[in-house]
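Everything below concerns the one structure shown next.
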Amino acid sequence: MGNRLVACNDPILHKPCKEVTDFDCNIHMITEDMRIATMGREILGIAAPQIGVDAKIVIAHLKNGGKFREEYVLINPHIELYGPRIPSLESCLSTSALYLTRRSFFSHVCYFTPDGFHKHLKLSGWDSIIAQHEIDHLEGKLISGTGIPLTADYFIAKAYNSLVEMAQVMPTF
Ligand SMILES: [Zn+2]
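Under our numbering, the first residue of the sequence shown carries the number 2, and numbering increases by one thereafter.
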């Protein structure tokens, strides 16, 4: 336990987390460590295993129909996916590259608050994507395992290919 991000090869990031069974002050200590670990960074979410804690706890910054993002602490979240699957370009605190993946545009999340109240969220767009990314962490899934990495090589290859394409349609003088 601690307030540091674990390395991407840490086994805790690659296995399902344990359900939270005690709604006590331990949850508040873990969420505080999660906040400390992301201090000074613009983040949309973090999951407990990313700081080495084996517990189904997510912090997600969601708009949920409002104008601004607000922090939601999701304990033992369960997600159902709806609607079209759209391309999504994502980064992660636990991996270095950007990844292209696909996410469901709509989702329905059931979860418990840190005080043990059962709640629901109906999410769409970015909110839905954020929830899917973070809840994947609780199942031991990283975007590096499911997405296509967009590294510098990828962009260089893309630029090169479009140059070649342009050259083919350019008139010769
Ligand atoms: Zn992540």
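By construction, the Cβ of each residue, glycine as well, lies at the ideal position given by its N, Cα and C atoms.
Distance, residue j Cα to residue i Cα
i: Ala153; j: Ala48; result: 27 angstroms
i: Leu75; j: His15; result: 20 angstroms
i: Pro12; j: Leu164; result: 42 angstroms
i: His135; j: Tyr155; result: Here residue 135 turns out to be Glu, not His, going by the sequence shown. Rounded to whole angstroms, Glu135 to Tyr155 spans 25 angstroms at the Cα level.
i: Glu43; j: Met35; result: 13 angstroms
i: Trp127; j: Val59; result: 16 angstroms
i: Gly141; j: Leu6; result: 15 angstroms
i: Asn162; j: Leu151; result: 15 angstroms
i: Thr39; j: Glu166; result: 43 angstroms
DSSP bridge partner residues for residue i (one or two, in chain order)
i: Ala48; result: Val59
i: Cys111; result: His79 and His121
i: Thr102; result: Ser89
8 angstroms Cβ cutoff met for residue i and residue j
i: Val110; j: Pro85; result: no
i: Ile177; j: Ala61; result: Outside the shown range of the chain (2 to 174) lies residue 177, about which nothing can therefore be said.
i: Cys26; j: Pro50; result: no
i: Ile144; j: Tyr100; result: yes
i: Tyr83; j: Ser108; result: yes
Nonlocal neighbours in the same chain, by C-beta distance under 7 angstroms from residue i, ignoring five residues either side
i: Ile87; result: Arg103, Arg104 and Phe106
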